[in-house]
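Sequential numbering of the sequence shown, starting at 608, is according to the numbering used here.
C-beta atoms are modelled at their ideal positions from N, C-alpha and C, and glycine is treated no differently.
All values reported here derive from a predicted model rather than from experimental measurement.
First the structure, in the form of structure tokens, and then the observations on it.
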Amino acid sequence: MIKAHGLSRARLKSLVDAAKAARKKAYCPYSHHPVGAAVLTDKGRIYTGANVENASYGLSLCAERVAVFNAVSRGDSKVRAIAVACKDARPCGACRQVVMEFADRSTALILVSTGKDDGNDKITVTRAALMLPGAFDPLASGLLPQPQPKNGR
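What follows is the structure in structure tokens.
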């Protein structure tokens with residue numbers, strides 16, 4: 608297992624395992640491309656999601672967005688890390704932008720490209736900002752208030 612930006616080996620393994628388990632719950636009768644995602648929040652909780660397709664393709668949701676929305680809907684809106692597991696893990700542009708809404712530039716993004724069996728996974732660890740250069744930033748645009756320094760500093 609690889610080291611990821613401030614995550615312990617055990618926490619990284621938990622996140623990867625959760626994304627792989629979520630993948631098994633994907634509803635993908637059209638693409639036959641199951642994807643699972645797991646989000647670690649700053650509260651230390653892990654939320655998962657799987658892609659859910661629809662015959663009207665535009666109504667489908669990717670696993671990454673399902674996982675993030677799952678966390679946010681439970682009041683946990685600060686993403687610390689996200690793992691994505693599928694045959695060739697590469698979040699789409701919409702998912703990258705959603706991650707940037709609830710993460711910061713240094714948020715760990717763990718891409719788990721699954722092999723034919725669990726022993727052949729290729730794991731790439733990067734940062735969210737590197738996956739979406741020039742992302743629309745709601746803080747910089749003034750749409751969200753700037754976070755206040757802790758302890759009044």
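- No residue range can be given for K631, since it is assigned to no beta strand (DSSP E) and is classified by DSSP as neither H nor E.
- Taken through DSSP and simplified to helix, strand or coil, V642 comes out as coil.
- Between the segment 652–666 and the segment 703–713 there are fewer than three inter-stretch CB-CB distances shorter than 8 Å, so the stretches are not counted as touching.
- Annotated as distal: A688 and I730, with beta-carbon spacing of 8 Å or more.
- For R703, the enclosing alpha helix (DSSP H) stretches over residues 700–709.
- For V679, the enclosing alpha helix (DSSP H) begins and ends at 670–680.
- As summarised for the segment 722–749, the continuous beta strand (DSSP E) elements at least 3 residues long and confined to that stretch are 729–734, given in chain order.
- Check the Cα spacing between A670 and each of L614, A629, S621, K620: the tightest is with A629.
- Classified as buried, Y654 has 16 or more neighbouring CB atoms from the shown chains inside 10 Å of its CB.
- By the neighbour-count criterion, in which a residue is buried when 16 or more other Cβ atoms sit within 10 angstroms of its Cβ, K650 is exposed.
- In the DSSP assignment, R687 falls within the unbroken beta strand (DSSP E) covering 686–693.
- Counting only the Cα atoms, A678 lies some 9 Å from K685.
- Shown here, G665 sits in a helix according to DSSP, grouped into three states.
- As a beta-bridge residue in DSSP terms, T655 pairs with A645.
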